[in-house]
Amino acid sequence: MAAGRIVKVERLTPEQEALVVVVRDEWLVAGWATGPADRRAAERGVAEAYRAAGLQPPRLVVWLDSPYAGAIGAWMLAEVRERVGSQVWAEGWSRVWDQVRAQVGEQVASDVLAQVGPTVGDKVLVQPWDQASEELGAQFEAQVLSQVSAQVWAQVWSLRQGEKHIEACVRDQVGKRVWKQVVGDEWSGHRGARAAWGPRWGDSVVFHDVFRRLGVSGCQRLAGQMTVARNAGWWWPFQDAVVLTERPTELHRDDQGRLHHPTGPAVRYPDGFAVYAWHGVQVDERLVTGRLTGRNWLAADNAEVRRVIAERLGYRRILDDLQHALAICRRAGDRHGEGKALGDLGGALIHAERFDEAIDVHRQAATVFGEFGYRHGEGTALNNLGEALQQVRRFDEAIDVHLQAAAIFDAIGDHHGEGTALTNLGLVLRNAGRVDEARACWLWALDEFNSCDSPAEFEAVRTLLDETASSG
1 MAAGRIVKVE RLTPEQEALV VVVRDEWLVA GWATGPADRR AAERGVAEAY
51 RAAGLQPPRL VVWLDSPYAG AIGAWMLAEV RERVGSQVWA EGWSRVWDQV
101 RAQVGEQVAS DVLAQVGPTV GDKVLVQPWD QASEELGAQF EAQVLSQVSA
151 QVWAQVWSLR QGEKHIEACV RDQVGKRVWK QVVGDEWSGH RGARAAWGPR
201 WGDSVVFHDV FRRLGVSGCQ RLAGQMTVAR NAGWWWPFQD AVVLTERPTE
251 LHRDDQGRLH HPTGPAVRYP DGFAVYAWHG VQVDERLVTG RLTGRNWLAA
301 DNAEVRRVIA ERLGYRRILD DLQHALAICR RAGDRHGEGK ALGDLGGALI
351 HAERFDEAID VHRQAATVFG EFGYRHGEGT ALNNLGEALQ QVRRFDEAID
401 VHLQAAAIFD AIGDHHGEGT ALTNLGLVLR NAGRVDEARA CWLWALDEFN
451 SCDSPAEFEA VRTLLDETAS SG
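Residue numbers are given in UniProt numbering: position 121 of the sequence shown equals residue 121, and the series is strictly consecutive.
Here you go:
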């Protein structure tokens with residue numbers, strides 16, 4: 001297909017439709033591939049990608065065994081240069097540095113770290129895609145592109161979802177280990193080290209690869225990147241240097257295509273870097289391989305991880321553990337611990353949908369805290385009680401206890417607690433059909449959250465106000 005020539009196609013031919021399926025199937029295989037990278041092919045792809053961007057291929061090619069090692073290596077190239085001789089290496093750095101030296105020699109590696117240019121991610125990785133899209137727009141009618149896009153989307157939607165999930169899990173795990181444990185918070189926002197190009201094999205690459213094979217010259221500029229994606233893992237391009245990484249040695253999914261392994265890593269790389277997942281939810285290693293108790297359920301930092309722990313343990317075991325903790329506090333005469341244990345148990349009962357028991361337990365917690373004058377605990381227990389009452393549609397009682405909670409927090413000057421109570425009160429009022437009163441509570445809650453600098457809660461209440469405004 002000649003560059004610049006306008007090609008108007010009314011619909012895909014049978015041959016073109018068949019090509020979409022062929023390309024899709026090839027990228028399915030590449031996308032879920034494990035095992036050693038084809039380093040020679042990947043390096044050819046890198047050279048082609050650089051030339052397509054108008055750059056000379058990099059003289060220094062460094063292979064590392066995982067995105068974790070790659071992120072450290074990329075950070076080294078981007079930042080440490082003159083620090084190489086004096087830096088006291090943290091955990092992980094020396095291993096990566098040894099791999100670099102083994103491949104290119106210490107003097108060459110030191111020279112490169114001192115002289116290597118900045119990252120060229122946009123020029124190598126982003127601009128060719130933008131240019132290809134512009135050329136497609138110039139050569140094909142919009143409805144034709146939409147037709148191909150719809151065909152591709154229908155074929156590879158599940159693939160794209162899997163790609164995004166794996167990329168997100170790996171990127172998050174790299175972030176936890178590199179930015180917090182190795183590099184340090186002061187470097188956590190550095191674009192050069194974060195600009196990894198993960199294996200790209202979703203709907204976008206299939207779409208462009210179809211047109212590349214149909215001869216669109218702009219899409220041909222993407223051939224090098226596609227070669228790297230087929231044959232290697234994540235990579236970081238720099239001026240005159242590139243960091244490439246191996247593919248996983250293991251990649252496990254459940255029957256719905258979500259990352260999952262019940263006894264080990266869902267994704268593992270040659271150097272041991274791993275990602276653990278349970279039916280699509282990224283979790284810490286101990287949640288898959290360790291011994292869990294109800295305390296782990298309490299300590300979970302988000303609802304999805306709590307759900308995973310509940311799936312593994314079952315709510316009966318969680319409730320037994322929490323009741324045991326409550327019994328210990330009562331035997332010890334620890335009234336504060338008793339109130340907290342009651343609150344923990346009540347929360348688990350709500351999650352287990354045993355609402356009547358939760359109501360009773362949260363009432364006990366409020367009574368315990370009230371008896372020894374811990375007002376914050378009493379207000380929190382009343383808030384929890386209101387949530388349980390709302391679950392069984394006992395709205396009048398829920399409204400009453402949330403009002404009590406708001407009054408307690410107001411009396412002790414706890415703006416965050418009062419804002420939370422007012423937010424919950426608004427939810428009950430809305431569910432009871434009293435929308436105007438609910439909005440008044442939420443406006444009041446906004447003032448409280450603004451007073452204590454709680455932006456996340458402030459935005460959540462604003463969303464509630466926006467939703468009720470649009471529905472009204």
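From the three backbone atoms N, C-alpha and C, an ideal C-beta is built for every residue, glycine too.
Could you say which of A42, R24 and P128 lies nearest to A52 if we only look at CA atoms?
Among A42, R24 and P128, the Cα nearest to that of A52 belongs to P128.
Using a threshold of 7 Å, state whether the C-beta atoms of Q242 and V20 are closer than that.
Inspection of the sequence shows that residue 242 is occupied by Val rather than by Gln. Not in contact: V242 and V20 (Cβ atoms no closer than 7 Å).
Comparing alpha-carbon positions, which option in G218, G45 and L287 lies nearest P237?
P237 has its Cα closest to that of G45, out of G218, G45 and L287.
Among residues of its own chain, excluding the 5 on either side of P441, which ones have a beta-carbon nearer than 7 Å to its beta-carbon?
According to the sequence provided, residue 441 is Cys. The question's Pro does not apply to it. Closer than 7 Å at Cβ, skipping near neighbours: L422, L425, G426 and L429.
Extract the residue ranges of the beta strand (DSSP E) inside the segment 8-75, only unbroken runs of 3 or more that lie entirely within it.
Those beta strand (DSSP E) runs which fall completely within the segment 8-75 and span 3+ residues are 60-64.
Please determine, among N450, S454, R40 and L64, the residue with the shortest C-alpha to C-alpha distance to G224.
Closest by alpha carbon: R40.
For F372, collect the residues of the same chain with a Cβ closer than 7 Å to its Cβ; drop the 5 residues on either side in sequence, then sort them by chain order.
Answer for F372: R335, listed in chain order.
Less than 7 Å separating the beta-carbons of R230 and A37?
No. Outside cutoff.
Going by alpha carbons, who is nearest to A365 out of L382, W444 and R316?
The option with the nearest alpha carbon to A365 is L382.
Starting from residue 497 and walking both ways along the alpha helix (DSSP H), at which residues does that stretch end?
Since the first and last residues shown for the chain are 1 and 472, residue 497 lies out of range.
Would you mind reading off the limits of the beta strand (DSSP E) that contains Q282?
Q282 -> beta strand (DSSP E) spans V281 to V283.
So, under 8 Å CB-CB, G233 and T245 are touching, yes? Tell me the CB distance rounded to an integer number of Å.
Between T245 and G233 the Cβ distance is about 4 Å, and since that is below 8 Å, they are a contact.
Name the DSSP bridge partner or partners of R268?
According to DSSP, R268 bridges with E250 and A274.
Starting from G233, trace the alpha helix (DSSP H) both ways and give me its first and last residue.
Segment: none, G233 is in no alpha helix (DSSP H) and carries neither H nor E.
From I350 to A69, what does the alpha carbon distance come to, in whole angstroms?
Taking the straight line joining both Cα atoms gives about 43 Å.
Assuming the contact rule is C-beta atoms closer than 8 Å, G417 and H376 should be a hit. Round their C-beta distance to whole Å, please.
Indeed they touch by this definition, with Cβ atoms about 7 Å apart.
For L259, which of helix, strand or coil comes out of DSSP?
Strand, per DSSP.
Are the beta-carbon atoms belonging to L313 and A348 less than 7 Å from one another?
Result no, Cβ atoms of L313 and A348 do not sit closer than 7 Å.
Around the Cβ of A49, are there at least 16 other Cβ atoms within 10 angstroms (buried) or fewer (exposed)?
By the 10 Å Cβ count, A49 comes out buried.
Could you check whether A299 and A325 sit closer than 7 Å to each other, using their CB atoms as the reference points?
No; because the gap between Cβ atoms is not below 7 Å, this pair is not in contact.
Starting from the C-beta of R268, find all residues in its chain whose C-beta is less than 7 Å away, skip the five residues before and the five after it, and write them out in chain order.
So the list reads P248, T249, E250 and A274, once near-sequence residues are dropped.
Exposed or buried, I318, counting other C-beta atoms within 10 Å across all chains shown (16 or more means buried)?
Buried, since its Cβ has 16 or more Cβ neighbours within 10 Å.
Should D414 be labelled buried (16 or more other beta-carbon atoms within 10 Å of its own) or exposed?
By the neighbour-count rule (16 or more Cβ atoms within 10 Å), D414 is buried.
Can you tell me which of the three DSSP states D320 falls into?
Helix.
Using a 10 Å radius around the Cβ and a threshold of 16 neighbouring Cβ atoms, would you call Q256 buried or exposed?
Result: exposed.
State the DSSP-derived secondary structure class of E353, mapped to helix, strand or coil.
DSSP places E353 in coil when its eight states are reduced to three.
Going by C-alpha to C-alpha distance, which of D396, A71 and N384 sits closest to residue 493?
The question about residue 493 has no answer here: the residues shown for the chain are numbered 1 through 472.
Please work out which residues of its chain come closer than 7 Å, Cβ to Cβ, to W32, disregarding the five sequence neighbours upstream and downstream, and give them in chain order.
Contacts found: L251.
Whose C-beta lies closer than 6 Å to the C-beta of L464 among residues of the same chain, with five residues either side of it excluded?
Closer than 6 Å at Cβ, skipping near neighbours: W442.
Can you give me the Cβ contacts of G370 inside the same chain, cut-off strictly under 6 Å, excluding the 5 residues immediately before and after it?
Hits under 6 Å: E378.
Alpha helix (DSSP H) containing D334: first to last residue?
Element bounds for D334: n/a, residue is neither H nor E.
Just verifying my parser: in three-state terms, what is the DSSP assignment at R194?
Bear in mind that a pLDDT of 43 at R194, under 50, signals an unreliable position, so the number given afterwards is only what the model happens to contain. Here R194 sits in helix by DSSP.
What did DSSP end up calling N424 once you bin it into helix, strand or coil?
DSSP places N424 in helix when its eight states are reduced to three.
Is DSSP giving G386 helix, strand or coil here?
In the structure shown, G386 sits in a helix (DSSP, three-state: H, G or I).
How many Å lie between R286 and N302 at the Cα?
If you take the alpha carbons of R286 and N302, they lie about 16 Å apart.
Could you give the residue range of the alpha helix (DSSP H) that holds L403?
F395 to I412 is the span of the alpha helix (DSSP H), which, as asked, contains L403.
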